[in-house]
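See structure below.
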Amino acid sequence: MNRQVLLGAPLALIAVAVLAMVPFHADGYVLSLAISILNYTVLATAWALFSGPTRYVSLATVAFFGIGAYTVAVFGEALAWPLVLLIALAVGVVVALVVGLSTLRLSGVYFVIFTFGLAELIRQLVTWYEVNITRTLGRYVFIDITTEQIYWQLLGLAVLVFLCGMLIRRSRLGLALRVIGDDETVARHVGINTTTAKVALFALSAVFMTLSGAVMAPRWTYIDPAIAFNPVTSFQVLIMALLGGVHRLYGPVLGVVPLALLFEYLLANFPNHFSILIGLAFMLIVYAIPRGIVGLLEQGRGAIRNFGGEKRP
Amino acid sequence: MSASHLLQVSGLTRRFGGLVAVDGVDFAVNDGEILGLLGPNGSGKTTVLNMISGALAPNDGTIRLRGAAIHGLAPHRIARLGVARTFQLVRVLGSLSCRENVLAGLAFGTRHLWGNAAVREAGDILDRVGLAGRADMMTTELTYIDQKRLELARALALKPQLLLLDEWLAGLNPTELLQGIELIRSLRSEGVAILMVEHVMDAIRSLCDRCVVMNAGRRIADGIPAAVLADPEVVRAYLGDADA
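Line by line, the protein sequences are chains B and E. Counting the first sequence from 1 gives a position; the numbering used here is that position plus 81. Counting the second sequence from 1 gives a position; the numbering used here is that position plus 1357.
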């Protein structure tokens, strides 16, 4: 463990430093692609933080992402940027706690459906509010934030989500979540307060999703509920995490990079068939690599080790 | 009076729809005692264990641990008070190693151990139940018997005052049975009180200080094993009427 940290920490620092230099060298297109990858990295890693160990599959990603984006749309011009982020964080946490306490008693497919319904419900509520109270469906986001600044904020968020993930893995909470994922009855019988553990992590994961939405909002200049709460986002994040592998902290990134590039390619070249092609990609991934890229890598490593073992006299 | 018992169960009742699975059951477990809970299949034994461990809430009646009411508390709170259990169908944690299975019992229970101290302690407990040297194995690689040992290790990690064993000795071969009996006896000598649901008669006779027998949700006998097993009503419950 300690040797891993000693080797890993400098490498991670160098990687972050290199990534931080990207805006100085990249053109607009590459930078926007990098922003998209970082955004999905934060979302997919945050998703796996909760859903990986507990195996509670959440489709509420976009609910929190959209809440973050809308908070910026509402307060962005009036308040200082850090304050806006703080408000977004607070709203995200409150919603996550309410949802967590009311739904984490559900398990399996019921939880999946509920979280999907939740995202839709929030979208409809926002739509209703905008149509009936403010009498306008869309909002403009004019904030003085450059693309480079968005990139660096996302990079910071990504670093934070990884640090959190590492700390949790080494903590009691991390073990508690894995026990819950294996057998919730046993978890309760060894003294784990399963509700607290699940709600705490659900809220933490929601914080990153909300902040990610807030940071991304200025990219759009115009948002409406259909954009901010687009359910496809939840599915994309889910499939990225699954492709990468959810039982390792670095797993989701391995799925984010190829899929973000694939989405970009499909959108640019087949805009009219995007949904169909994405659907096909989803099915292929779940069918062909159920344990994700991490699973493949570990399998490969195991095979090499076995092979080497047999060769030895 | 009741505070002198480790566990005092009175009037315990649990209904599932129209079925009364446990019907006004009374018994007590004393410190350092092994109490056998016997009865034919479906007589409500596991339901009683589930209510003591908090997996089920009783509809009626009380459960007191050293005089303090624990009925209806959440299982994790009861576990932290020092009541540990094993399950009738073995439940080991499949994605965790043997050591991590035991750490789960150490980290959240009465002892709240973590870090190197917990790892050392987990090793000791694994040795104790006969799983020395398997700390890094995944539970899926274990045989059925060793999974049972591991489940016991996880329960012991909670440092229980009261250990609930649900047919822990079932399915062991004669050699393993002897080892199992010896292991349970050694736990008692350390002051752990044990409530065991069991069908293996050899084990009951050699281990239990007292037995409670249930039939159709009711307690039909309570006493020392030899007397209880000879009780005509107990014989009838197991075998039906003698001259049918």
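A virtual CB, placed ideally from N, CA and C, is assigned to each residue, including glycine. Source: prediction; values computed, not measured.
At a cut-off of 7 Å between C-beta atoms, B/Val267 counts as an interface residue with respect to chain E. In the DSSP assignment, the residues bridged to E/Asn1572 are E/Arg1575. For B/Gln317, the enclosing alpha helix (DSSP H) begins and ends at 312-325. For B/Val260, the neighbours in chain E by C-beta distance under 8 Å run, in chain order, Leu1450, Leu1453, Ala1461. Distance from the CA of E/Asp1579 to the CA of E/Leu1540, rounded to the nearest whole angstrom, comes to 25 Å.
Among the bridge pairs identified by DSSP, E/Phe1373 is matched with E/Leu1376.
With fewer than 16 other Cβ atoms inside 10 Å of its own Cβ, B/Leu343 counts as exposed. Proximity of chain B to E/Leu1483 at the Cβ level (cut-off 8 Å) is not reached, the minimal Cβ distance being about 16 Å. Ranked by how close their Cα comes to the Cα of B/Leu114, the residues B/Tyr346, B/Ser315, B/Arg136 have B/Tyr346 in first place. Taking C-beta atoms under 8 Å as the contact rule, B/Phe197 and B/Ser293 fail to qualify, at a distance of about 19 Å. For E/Thr1419, the enclosing beta strand (DSSP E) begins and ends at 1417-1422.
Burial state of B/Gln380 is exposed, judged by a 10 Å Cβ sphere holding fewer than 16 other Cβ atoms.
The three-state secondary structure of B/Leu248, taken from DSSP, is helix. Ranked by Cα distance from B/Thr152, the first of B/Ile224, B/Val375, B/Pro333 is B/Ile224.
The DSSP-derived three-state label of B/Phe243 is helix. According to the DSSP assignment, E/Gly1393 belongs to no alpha helix (DSSP H) but to the beta strand (DSSP E) extending over 1391-1395. Close CB contacts of E/Leu1376 within its chain, under the 7 Å cut and outside five residues either way in sequence, are absent. When secondary structure is reduced to three states using DSSP, E/Gly1466 falls in the coil class, being assigned neither helix nor strand.
Residues of chain B with a Cβ closer than 8 Å to the Cβ of E/His1428 do not exist; the shortest Cβ-Cβ separation is about 16 Å. The C-alpha of B/Ile118 lies about 28 Å from the C-alpha of B/Arg259. Check the Cα spacing between B/Phe316 and each of B/Val143, B/Leu94, B/Asn120: the tightest is with B/Val143. The secondary-structure analysis by DSSP pairs E/Val1440 across a beta bridge with E/Leu1519. Annotation for E/Val1554: the continuous beta strand (DSSP E) segment containing it runs 1550-1554. Between the alpha carbons of B/Thr227 and B/Trp233 lies a gap of roughly 10 Å. Taking a contact to require three or more Cβ pairs closer than 8 Å, the segment 169-188 of chain B and the segment 315-329 of chain B do not qualify as touching. Pairwise C-beta distances place the segment 1539-1553 of chain E in contact with the segment 1513-1520 of chain E, as three or more of them are shorter than 8 Å.
Residue pairing by DSSP places E/Val1386 opposite E/Leu1364 in a beta bridge.
When B/Leu185, B/Val190, B/Gly237, B/Thr275 are compared, the shortest CA-CA separation from B/Val296 is found for B/Gly237.
Less than 7 Å divides the Cβ of E/Pro1582 from the Cβ of E/Arg1562.
For secondary structure counted as the alpha helix (DSSP H) over 4 or more consecutive residues, the segment 220-290 of chain B holds these complete runs in sequence order: 228-251, 253-263, 265-270. Just so you know, the alpha carbons of E/Gly1574 and E/Asp1380 end up roughly 5 Å apart. Three or more beta-carbon pairs drawn from the segment 1441-1461 of chain E and the segment 245-264 of chain B are found closer than 8 Å, and the two stretches are therefore classed as touching. Under the three-state reduction of DSSP, E/Ile1409 is assigned to helix. For B/Arg253, the closest Cβ of chain E is nearer than 7 Å. Rounded to whole angstroms, the gap between the alpha carbons of E/Thr1443 and E/Gly1462 is 12 Å. For B/Ile249, no CB of chain E lies under 7 Å from its own CB, so it is not counted at the interface with that chain.
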